[in-house]
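Report on the structure given below.
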Amino acid sequence: MNTRILTVSATHPAPALIHEAAHLIQRGELVAMPTETVYGLAGDALNPTAVQAIFAAKGRPSSDPLIVHVADFDQLHFIARDIPAQFSLLASTFWPGPLTIILPKHPLLDTRITAGRDTVAVRMPDHAVARALIQQSGCPLVAPSANLFSRPSPTTAAHVMDDLGGRIPLILDAGACRIGVESTIIDITAHPPTVLRHGGVPAEQLTTLLGDIVVRQRIIGTHEAAPAPGMLLKHYAPRTPLIVYRGATTHLYRAILTHPQDSTLWLCYDEDVVYAQTHHIPHMSLGSHHDSTTIARNLFAVLRTADHADTSLLVVAEPQGDGVAAAVRDRLFRASEGRVVVLSDT
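Last residue of the sequence shown: 1268 (our numbering), numbering continuous.
What follows is the structure, given as structure tokens:
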């Protein structure tokens, strides 16, 4: 299959280009579309052939559910029912935006979307191209990240082409994604509401709005039906092994020096660059450790670039702080398959 890339404006996409992409969706084919979080692999949520094609193109296990993307509240009628009271408060505050809400599923919704569970993950993206494509297609769209399963998520069209070139007919290229990590997922069918994945909406904001919530970091087995995407131990992973360090900077610097410089790449922060240069340590910066928004935006692109470096090991320190930094820590934990080393004086 020949994969084409169409360049579109991120804010004012040309109607003719959106119409061309929507025509493919209506025929049951797949289109990679930009969102504010990462690029998504979009297909008609109401077409079983399209749903199955997404699992096949990504190599995604059936135990990992999909998120359904809507352009307006009317489309919820096709995918959810018995919607809890907290939904209106969350949606009016955070939609469109990087928040996915778990709702009771519509009984006719394809069970492959929900990994056989009786709940469905739904969000309204805050991106003009994604919203226009959903509206023009005339149906809600399932749209997991547009990459091969377990690889770092794509934040540019080039990342999508690297993974899915030859597997899908079309990529809509609207430039780099604004946020760079996936949406936060909150389950409001649970009591109290439960955050299942950190993402673009900080958990602190959800607590402010809803009061008592639970934040649960779960690790799901490969063959276990997950309640939400992104819960496997290995996810967002580069091909090169990654070690994550947790601890004070002085301890980190000592640990970095124990690795062979000719085979280790340090994913550092701007504040570490002088140290890396002084000690001739190969490095790439994620941004300032004071700026978790920039770190999140750069994370997957840096992981993908590092995979092309001549190195056998990647090392990185966890970013500190609240907000989107929690999402970065979660992605690094899973990208490293849980290889987190806690540093101390001993």
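Here a beta-carbon is modelled for each residue, glycine too, at the ideal position from N, C-alpha and C.
| query | result |
| --- | --- |
| Which two residues bound the contiguous beta strand (DSSP E) that contains residue 1081? | Here residue 1081 belongs to no beta strand (DSSP E); instead the alpha helix (DSSP H) covers 1079-1086. |
| Name the residue from 1206, 1046 and 1071 whose alpha carbon lies nearest to the alpha carbon of residue 1009. | 1046 |
| In the DSSP assignment, what are the bridge partners of residue 1168? | 1264 |
| Is the beta carbon of residue 973 sitting closer than 8 Å to the one on residue 1092? | no |
| Spell out the partners DSSP gives residue 1269 in its beta bridges. | Given that the chain is displayed from residue 923 to residue 1268, the structure contains no residue 1269 and the question cannot be resolved. |
| What does DSSP give as the partner residue(s) for residue 1035 in the beta ladder? | Residue 1035 is not bridged to any residue. |
| Just curious, the beta strand (DSSP E) that residue 1233 is in, first and last residue? | It is not in any beta strand (DSSP E) - residue 1233 carries neither H nor E in the DSSP assignment. |
| What are the boundary residues of the beta strand (DSSP E) that includes residue 982? | Careful: residue 982 lies outside any beta strand (DSSP E) and carries neither H nor E. |
| Give the secondary structure of residue 1119 by DSSP, where H, G and I count as helix, E and B as strand, and everything else as coil. | strand |
| Is the beta carbon of residue 1104 less than 8 Å from the beta carbon of residue 1072? | no |
| With 16 other CB atoms within 10 Å as the buried threshold, where does residue 1062 fall? | buried |
| At the level of alpha carbons, what is the spacing between residue 1251 and residue 1193? | 19 Å |
| Could you pull out every residue in the same chain whose Cβ sits closer than 7 Å to the Cβ of residue 1115, ignoring the five residues on either side in sequence? | 1008, 1108, 1109, 1132 and 1135 |
| Would you mind reading off the limits of the beta strand (DSSP E) that contains residue 1113? | It is not in any beta strand (DSSP E) - residue 1113 carries neither H nor E in the DSSP assignment. |
| Alpha carbons only, please: which of 1210, 1243 and 943 is nearest the one belonging to residue 1126? | 1243 |
| Closest to residue 1168 by CA distance: which of 1034, 1260 and 944 is it? | 1260 |
| Could you pull the DSSP bridge partners for residue 1090 from this structure? | In DSSP, residue 1090 forms no bridge with anything. |
| Give the DSSP bridge partners of residue 1142, in chain order. | 1154 |
| Report the rounded CA-to-CA distance for residue 1154 versus residue 1256, giving the unit in angstroms. | 7 Å |
| Which residue or residues does DSSP assign as beta-bridge partners of residue 955? | 962 |
| Is the region 1145-1160 in contact with the region 1034-1052, if contact means three or more CB pairs nearer than 8 Å? | yes |
| For residue 1095, which residues does DSSP report across the bridge? | 929 |
| How many Å lie between residue 1017 and residue 1095 at the Cα? | 23 Å |
| At what residues does the beta strand (DSSP E) containing residue 989 begin and finish? | 989-991 |
| Excluding the 5 residues preceding and the 5 following residue 927 in the sequence, name in chain order all residues of the same chain whose CB lies nearer than 6 Å to its CB. | 1079, 1093 and 1095 |
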